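Asker: First residue of the sequence shown: 24, per the numbering used here; consecutive thereafter. Even for Gly, the Cβ is constructed at its ideal location relative to N, Cα and C. Model, not experiment: these values are computed from the prediction.
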Amino acid sequence: MLHGPLLGKILRYAIPFALSSILEQLFITIDVAVVGRFASSEALAAVGANTFLINLFINLFIGISLGANVVLANLIGQGDTRRIRHAVSTTAALSLISGFLLLVVGSLAAKPMLMAMGTPANIIDNATLFLRIYFLGSPFFMIYNFGASILRSKGDTRRPLNILVVSGVINTVLNLIFVIGFDMSVAGVATATDIAYFFSAMAVVWFLRRDDSALRLNLRAIRLYPHEMKRILYVGVPAGLQGMVFSFSNIFVQSSINTFGSSAVAGASISQNFDSYCYFLLFSFSSACVTFVGQNYGAGKYDRCKRVVWICLAGGTIVCFIANMTFLAFADPVLSLFTADANVVRYAKARMFAVLLFQWIATGYEIPSAAMRGFGHSLEPALLTIFGTCVLRLVWIFLVLPIWPGFSQLMYCYPISWILTGLFVGGLFSYYWRKYLSPTTSRISSCQ
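1) With the cut-off set at 8 Å, would you say Leu83 and Ile334 are in Cβ contact?
2) Which one of Arg105, Lys253, Leu152 and Ser292 has the shortest CA to CA distance from Phe361?
3) Name the two residues that bound the continuous alpha helix (DSSP H) containing Ala311.
4) For the pair the segment 315 to 335 and the segment 295 to 303, tell me if three or more CB-CB distances fall below 8 Å.
5) Work out the CA separation of Val93 and Gln318 for me, nearest whole Å.
6) Kindly list the residues whose CB is nearer than 6 Å to the CB of Tyr455, restricted to its own chain and excluding five residues on each side of it in sequence; keep chain order.
7) Output the boundary residues of the alpha helix (DSSP H) element that contains Lys372.
8) Please report the distance separating the alpha-carbon of Ile345 from that of Leu351.
9) Excluding sequence positions up to five away, which residues of its chain have a Cβ less than 6 Å from the Cβ of Asn76?
10) Going by the beta-carbon positions, is the gap between Ser431 and Ala373 smaller than 8 Å?
11) Quick check: the Cα distance between Ile99 and Lys324, rounded to an integer number of angstroms?
12) Would the segment 182 to 191 and the segment 108 to 117 be scored as touching if the rule is three or more Cβ pairs under 8 Å?
13) Nearest-angstrom Cα distance between Ser465 and Tyr320?
14) With three or more C-beta pairs closer than 8 Å as the rule, is the segment 427 to 444 touching the segment 399 to 418?
15) In whole angstroms, give me the CA-to-CA distance for Ser88 and Phe169.
16) Within its chain, find whatever has a CB closer than 7 Å to the CB of Leu336; leave out the 5 residues flanking it on each side and keep chain order.
17) Across the segment 266 to 274 and the segment 404 to 412, are there enough close Cβ pairs to call them in contact, namely three or more that are closer than 8 Å?
18) Have a look at Ala289 and Asn347 and give me their C-alpha separation to the nearest angstrom.
19) Tell me the start and end of each unbroken alpha helix (DSSP H) in the segment 123 to 153 that is at least 4 residues and wholly inside, in chain order.
20) Got a sec? Which residues, its chain only, sit under 7 Å from Leu125 by beta carbon, not counting five neighbours each side?
21) State the Cα-Cα distance for the pair Ile120 and Ser236, rounded to the nearest angstrom.
22) For Ala213, which residues of its own chain have a beta-carbon under 7 Å away from its beta-carbon, when the five flanking residues on both sides are left out?
23) Going by the CB atoms, is the gap between Leu240 and Ala115 shorter than 8 Å?
24) Grab the span of the alpha helix (DSSP H) containing Gly339 for me, first residue to last.
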């Protein structure tokens, strides 16, 4: 990451990362498709009703894993072997703590949260069952994600991808066996996902135990090193809180969707899969930006940081736009894979056209935020993103929607928030660009 042409290296990082994220989302998509086709529309809605709630619980810890990625990338850029080992051990300890916290809190809060969201009565029992079984796999989910962040800090996105290819096959086969063969419905798809997560966790630990660099995982040395933990949390907690608040605002969106009935819930659930895939293409360049900027900033190579930002900004915008337009162009045949219910399809298409036409705009705040995290600044872009994508959506729901009601009108909260957040974060980034990447910059890293 520190030498030679950047475009090819960024693509070699971003493409496997995007495929890995898409495969993770594929777990959810397969769940939705299998229950939609082989169970019922109510079961489909029960699985889909949990999407934002699951994200609310896991995003804090996913943000912390991002903090580990940034800290390790900085240390790799600086060549500090001893502290790299400390950071790896701390990351492993945080993954275990995160996983078991998520298991306990998620299981206990499942039904109360679904009830608070106004989940329709005909799907709430199945939604609760799905969520509780799903959270049984959360320790394995966290071990995989933290382990993958360690590998990605040195640019290794291929092994996480290979793991998820096998996990995806496991998930698909078990879904079909449990739902069709054993008629387990939502319990079957949740169980299949947990088993796939277990495989992912064991595989990433196996790779880390055999790594030939300072990133090698020593199970006996797993512990929390205070200095490294502080740095990881400094970057990771704001990013995680941003994701949590983001999901919290989307819970209000989901609550509003729930008022339109189970067909709307099912249709929105299907549509969310498509914009998730598009977002992961965008986010792969965001992750590349964090890691490449983190290493080059740690090494004091500021001109390379600038080139990284421009390449990732262009790449993220282009791939997201192409994916958005592709899903819109083939909306009918794609939706037919999930359901034959015309009312469900109507709601799914309404959400797709309100969201996918504009999703590429989100690159305007994702890439600048990633670059600032690479500098070691996570709090400021997190606060602006929370305001732009969360507060404004709540304003739309509680002030605009009562005056201008309707399902499509509800979905317009997404493009409005993306545009305004891009303006806010872009302004802040221009300040940091001048401060940290100017020719007179002499500091190494503000988080050292």
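Answerer: Looking at the atomic coordinates:
1) no
2) Ser292
3) Ser285 to Gly321
4) no
5) 8 Å
6) Met395
7) Ala365 to Val378
8) 10 Å
9) Sequence check: residue 76 is Leu here, not Asn. Cβ within range, chain order: Met136.
10) yes
11) 13 Å
12) no
13) At Ser465 the pLDDT is 42, less than 50, meaning the model places this residue with poor confidence and gives no usable figure here.
14) yes
15) 5 Å
16) Thr386 and Ile390
17) yes
18) 20 Å
19) none
20) Phe80, Ile81, Phe84, Phe158, Ser161 and Met165
21) 25 Å
22) Phe153, Ile156 and Tyr157
23) yes
24) Tyr325 to Ala352
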